[in-house]
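In what follows, a structure is listed as structure tokens, so that the remarks can point back to it.
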Amino acid sequence: MPQSARKTPDTELSQFRVKGEIPVPILINWLTAVAVPLLFFFAWRSSLQNDPITPPLLIGFAVLLTVNSVTYLLSGNKTLQRRGFITLITVLFTYLAIHAVEDGSAIIWLFAYPPIIFYISESRIGVLACSGGFAAVIFLFSPLGDLLFEPPHSTSFRITMVAVLGFEMVTCYILDQSRRRSKLGLLKLAAEFEYAAKHDALTGLANRREALEQLDIEYQRYLRNARPFSVLLMDIDLFKSVNDNYGHHVGDELIMLVARTLREQCRKVDTLARWGGEEYLVLLPETTTEEAMSSANRIREAFAAKSVNTEQGQVQATISVGVASIRGSESIDRLLQRADEALYRAKSEGRNRVCGYENEAAA
Ligand SMILES: Nc1nc2c(ncn2[C@@H]2O[C@H](COP(=O)(O)OP(=O)(O)OP(=O)(O)O)[C@@H](O)[C@H]2O)c(=O)[nH]1
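For what it's worth, numbering that gives the first Met the number 0 labels the leading residue of the sequence shown as 0, then goes sequentially.
Below you can see the structure in the form of structure tokens.
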């Protein structure tokens, strides 16, 4: 986990699915499975009416829709599948409308277009495709469309068709917007819960649970690659007296100041955690004891140079740090125990110092 995890932006969130939402590739495959027999059925019906163009065209669409789905199943390319499907159904619906398939009644299939388009594509594409389709229907029913395509529909059918199609498109747009908004709301809530479960509210650092998880991940890596890692266990010195003398809010300011110092002084790959009240744990991947000791000293010095402004003047504090590096096949618990013992030694030797486990020299 890089330092303290960032919050996920909305644009990234909207790519996720919420539980129960039908995935677009699966919906497209279902629609294809329904459309293919229907296309064969209407191809057969058209062949009975001695229409030489429609049957091969409808069968062609059925084949292309199938190829589109099979290609997705083989390649897993969702974007290609979605674009292919949108193109095919747009061309198919255009043909059904202008060629007056089924004595012109096939134009009614246009009502299936808006809900499908809004579900499977971005809102912007849905609006564009539906507006284009709507304009095309108005053109088809206009005097020029009459001249070019001779649609067999009565005036009352045309008026009703345009009115109902317009109504349906607006309804689909409103429902789609509300679906997208509530989905984003749910995903945001889930992301906030996840963030809260892993972070400390006061400092924004990882909490103890998340630190243990990161320790476990690093430990597994160590078991595989034997790359050493180290932990720093640190504690603000005489913190109780800060609370007692200046109040809890100044104590909280100091706790946040340590967090800021850690963020400034540590690498992106390090895990910075609030381990307890005024205790912190820093996990340093691929770091030897010597490197960890020097990092700990850098942090200690940086913090000692900072202060918190209060009504009673500047308040400064120091930290003590215990350092331990993983060794042999010891467990994480044992590593933490050694870091704790080193911290205890730093405290008992006078505070404001860094101690390693096993008689490493105090800073
Ligand atoms: N302001 C504030 N105080 C806290 C918080 N969490 C724990 N504390 C206080 O931190 C203090 C910890 O004190 P001790 O464990 O006795 O240690 P210390 O005074 O720092 O002394 P040494 O560790 O021996 O240097 C207690 O008084 C807790 O109430 C917090 O979130 N905010």
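Quick reminder that beta carbons are idealized off the backbone N, C-alpha and C, glycines included. A quick note: this is a predicted structure, and the numbers were derived from the prediction, not measured.
Over what stretch of residues does the alpha helix (DSSP H) that includes residue 171 continue unbroken? 154-197
Since residue 283 contacts residue 231 with CB under 8 Å, what's their CB separation in whole angstroms? 7 Å
I'd like to confirm something about residue 251: is its beta-carbon nearer than 7 Å to some heavy atom of ligand 1, or not? yes
Pick out whichever of 52, 166, 87 and 201 has its Cα sitting closest to the Cα of residue 67. 87
Count the C-beta pairs between the segment 263-275 and the segment 290-303 that are closer than 8 Å, then say yes if the count reaches three, no if not. yes
Taking only the alpha-carbon atoms, compute the straight-line gap between residue 347 and residue 216 and give it to the nearest angstrom. 32 Å
Of the listed residues 249, 71, 188 and 57, nearest to residue 309 (C-alpha basis): 249
What are the partner residues of residue 233, as DSSP defines its beta bridges? 279 and 320
Quick check: residue 27 and residue 116, are their CB atoms within less than 8 Å of each other? no
Is the closest heavy atom of ligand 1 to the C-beta of residue 247 under 7 Å? yes
What span of residues does the beta strand (DSSP E) with residue 355 cover, start to end? 353-355
Does DSSP classify residue 247 as helix, strand or coil? helix
Heavy atom of ligand 1 less than 7 Å from the Cβ of residue 350, yes or no? yes
Does any heavy atom of ligand 1 sit closer than 7 Å to the C-beta of residue 277? yes
Just to confirm, does residue 254 get its C-beta within under 7 Å of one of the non-hydrogen atoms of ligand 1? yes
Heavy atom of ligand 1 within 7 Å of residue 242 beta-carbon: yes
Would you say residue 346 touches ligand 1, meaning its beta carbon is less than 7 Å from a heavy atom? yes
Per-residue DSSP class, three states only, for residue 38: helix
Cutoff 6 Å; reference residue 285; Cβ partners in own chain excluding five residues on either side: 226
Does DSSP put residue 312 in a helix, in a strand, or in coil? strand
Residue of 181, 356 and 335 minimising C-alpha distance to residue 344: 356
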